[in-house]
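Residue numbers for the sequence shown, in the numbering used here: 12 to 303. Just below is one structure, and these are the notes that go with it.
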Amino acid sequence: MKHLVKMDDLSNEEIHQLVLRAVALKRDKSPFKRNDLFVANLFFENSTRTKHSFEIAEKHLQLNVIDFDVQTSSVNKGESLYDTCKTLEMLGCNLLVIRHSENNYFRQLNGLSIPVINGGDGSGEHPSQCLLDLMTIYEKFERFEGLNILIAGDIKNSRVARSNYHTLTRLGAKVQFVGPQEFADPGLGEMVDFDQHLDDVDVCMLLRVQHERHGETLFDVAHYLQHYGLTEARYQRLKDHAIVMHPAPVNRGVEIADELVEAEKSVIFRQMHNGVFMRQAILEKIIHDNQL
Ligand code: CP
């Protein structure tokens, strides 16, 4: 694996190895230390979890972290993404973590010699989120095959839905979608009725309604929660072993009732915690596979 920009960069075997490695790191298996390498985190879109969990993971590995700030960089003078990244390579960066609002931004970066980890591209993919989600599912079920997974929310705009749908499907899970028709992505599948499928669900994954991508359209929050969100009544119908996931940030009271965010079946904050270990595992693999 030279880069990790989409989940197809990984075989099923490599995905399983990353999940097992992240679980081992969480059980206190020390990551290797590489204080001779430099990594830059370039976040052209806002982020709390991805940016800072990569940063903490990098520091656990003792990498030298360049905190690239888009707002004070020469991006604001019109420097292109490629020129910015090539400059960082020439300055001595060994590895880049990039989030960008443009789908497939990484196709502009073929001239780089250093590896890129995708921290999310527009509505394209979010591989490190997908892998931490897989780790969290694996911790509960120790398998993916045969699981019933319901992803509810803004499917069309969600890079998490895209990465998780394709990956969980190829790992043998059944993935279905819930949400209003205007949130559907015909390339991924039809919306199903939440209440008709709730009883069989092992994993109920909620997605943020991306208000910023819906323009000026008025949004009836109470209607959305009642029809497409996780209410207390729906939560009570979930199987005992079911888990509730959300990549966050959460719109409390929109896609999930406020009081359910930390309910017993919710693993939402565990996902964030797991993100640090999974990102350590990803960094280790990129460093190893590229012989850095
Ligand atoms: N889940 C996720 O990508 O969160 P951030 O946007 O805060 O990184």
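Where is the CB? At the ideal position from N, CA and C, for every residue including glycine.
With distances taken from CA atoms, which of Ser-85, Asn-285, Arg-45, Arg-181 is nearest Ala-35?
One-based indexing of the sequence shown puts residue 35 at position 24. The shortest C-alpha separation from Ala-35 is found at Asn-285.
Less than 6 Å separating the Cβ of Ala-259 from some heavy atom of the ligand CP?
Start at 1 with the first residue of the sequence shown, and residue 259 comes out as number 248. Yes, Cβ of Ala-259 sits closer than 6 Å to a heavy atom of the ligand CP.
Going by the C-beta, is Arg-224 closer than 6 Å to any heavy atom of the ligand CP?
Against the sequence shown, residue 224 aligns to sequence position 213. Relative to the ligand CP, the beta carbon of Arg-224 is positioned no closer than 6 Å to any heavy atom.
Locate the beta strand (DSSP E) running through Lys-185, then write down its first and last residues.
As a first step, residue 185 must be located in the sequence shown, where it is residue number 174. Segment 185-189, the beta strand (DSSP E) holding Lys-185.
Is any heavy atom of the ligand CP found at a distance shorter than 6 Å from the C-beta of Ser-174?
Start at 1 with the first residue of the sequence shown, and residue 174 comes out as number 163. Flag unset: Cβ of Ser-174 not near the ligand CP.
State yes or no: is the C-beta of Ser-139 nearer than 6 Å to some heavy atom of the ligand CP?
Taking the sequence shown and counting its residues from 1, the one referred to as residue 139 is at position 128. Checking every heavy atom of the ligand CP against the Cβ of Ser-139, none is found closer than 6 Å.
Comparing the CB of Ser-58 with every heavy atom of the ligand CP, is any distance shorter than 6 Å?
Your numbering for residue 58 matches position 47 in the sequence shown. Within the chosen limit of 6 Å, the ligand CP reaches the beta carbon of Ser-58 through at least one heavy atom.
Asn-262 beta carbon less than 7 Å from that of Arg-219:
Position 208 of the sequence shown, counted from the start, is the residue given in the question as residue 219. Position 251 of the sequence shown, counted from the start, is the residue given in the question as residue 262. Contact annotation: Arg-219 and Asn-262 have beta-carbon atoms nearer than 7 Å.
Rounded straight-line distance, which links the Cα of Asp-206 to that of Gly-130:
The residue you call residue 130 lines up with position 119 of the sequence shown. The residue you call residue 206 lines up with position 195 of the sequence shown. One C-alpha to the other measures close to 33 Å.
Could you check if Ser-22 is buried or exposed, using at least 16 other CB atoms within 10 Å of its CB as the buried criterion?
As a first step, residue 22 must be located in the sequence shown, where it is residue number 11. By the neighbour-count rule (16 or more Cβ atoms within 10 Å), Ser-22 is not buried but exposed.
How do the region 188-201 and the region 228-245 stand: do at least 3 beta-carbon pairs fall below 8 Å, yes or no?
Contact between the region 188-201 and the region 228-245 is present: three or more C-beta pairs spanning the two stretches fall below 8 Å.
Starting from the C-beta of His-63, find all residues in its chain whose C-beta is less than 8 Å away, skip the five residues before and the five after it, and write them out in chain order.
Taking the first residue of the sequence shown as position 1, residue 63 is located at position 52. Excluding residues within five positions, none has a Cβ falling inside 8 Å.
Do you know offhand how far Pro-138's Cα is from Asp-204's?
Along the sequence shown, read from residue 1 onward, the residue named residue 138 stands at position 127. Along the sequence shown, read from residue 1 onward, the residue named residue 204 stands at position 193. Looking at the two C-alpha atoms, the distance is approximately 28 Å.
Beta-carbon proximity check, Asp-212 vs Ala-253, cutoff 7 Å
The residue you call residue 212 lines up with position 201 of the sequence shown. The residue you call residue 253 lines up with position 242 of the sequence shown. What sits at residue 212 in the sequence shown is Val, not Asp. In this structure, Ala-253 lies closer than 7 Å to Val-212 by Cβ.
Can Thr-61 be considered in contact with the ligand CP, in the sense that its beta carbon sits closer than 6 Å to one or more heavy atoms?
Position 50 of the sequence shown, counted from the start, is the residue given in the question as residue 61. Yes, the ligand CP has a heavy atom inside 6 Å of this Cβ.
If I follow the unbroken alpha helix (DSSP H) through Val-171, where does it start and stop?
Here residue 171 is taken as the residue at index 160 of the sequence shown, counted from 1. Run containing Val-171: 170-181, per the alpha helix (DSSP H) assignment.
Expected contact under 8 Å - CB spacing of Asn-46 and Glu-66 to nearest Å
Taking the sequence shown and counting its residues from 1, one reaches residue 46 at position 35. Taking the sequence shown and counting its residues from 1, one reaches residue 66 at position 55. The beta-carbon separation of Asn-46 and Glu-66, rounded to 15 Å, does not stay under the 8 Å limit for a contact.
Report the residue from Pro-42, Asp-132, Phe-55, Tyr-149 whose alpha carbon sits nearest the alpha carbon of Leu-72.
Taking the sequence shown and counting its residues from 1, the one referred to as residue 72 is at position 61. Answer by Cα proximity: Pro-42.
Taking the alpha carbon of Ala-274 as the reference point, which residue from Val-127, Leu-249, Pro-260 has its own alpha carbon closest?
Taking the first residue of the sequence shown as position 1, residue 274 is located at position 263. Of Val-127, Leu-249, Pro-260, the residue nearest in Cα terms is Leu-249.
Locate the beta strand (DSSP E) running through Asp-132, then write down its first and last residues.
Position 121 of the sequence shown, counting from 1, holds the residue named residue 132. Here the beta strand (DSSP E) through Asp-132 covers 127-132.
Tell me the residue span of the beta strand (DSSP E) that contains Pro-141.
Sequence index remark: in the sequence shown, residue 141 carries index 130 (1-based). Sequence check: residue 141 is Cys here, not Pro. From DSSP, Cys-141 is part of no beta strand (DSSP E) but of the alpha helix (DSSP H) over 138-152.
Closest Cα partner of Arg-154 within the set Arg-181, Asn-105, Arg-60:
Start at 1 with the first residue of the sequence shown, and residue 154 comes out as number 143. For Arg-154, the closest C-alpha among the options Arg-181, Asn-105, Arg-60 is that of Arg-181.
For Tyr-349, which residues in the same chain have their Cβ closer than 6 Å to its Cβ, ignoring the five residues on either side in sequence?
No answer is possible for residue 349: it lies beyond the span of the chain, which begins at 12 and ends at 303.
Going by C-alpha to C-alpha distance, which of Leu-161, His-14, Lys-44 sits closest to Gly-200?
Your numbering for residue 200 matches position 189 in the sequence shown. Among Leu-161, His-14, Lys-44, the Cα nearest to that of Gly-200 belongs to Leu-161.
Can you look up Leu-236 in the DSSP assignment and give me helix, strand or coil?
Here residue 236 refers to the residue found at position 225 of the sequence shown. DSSP places Leu-236 in helix when its eight states are reduced to three.
Beta carbon of Val-50, beta carbon of Leu-106: below 7 Å?
As a first step, residue 50 is located in the sequence shown; it is residue number 39 there, counting from the start. As a first step, residue 106 is located in the sequence shown; it is residue number 95 there, counting from the start. Result yes, Cβ atoms of Val-50 and Leu-106 sit closer than 7 Å.
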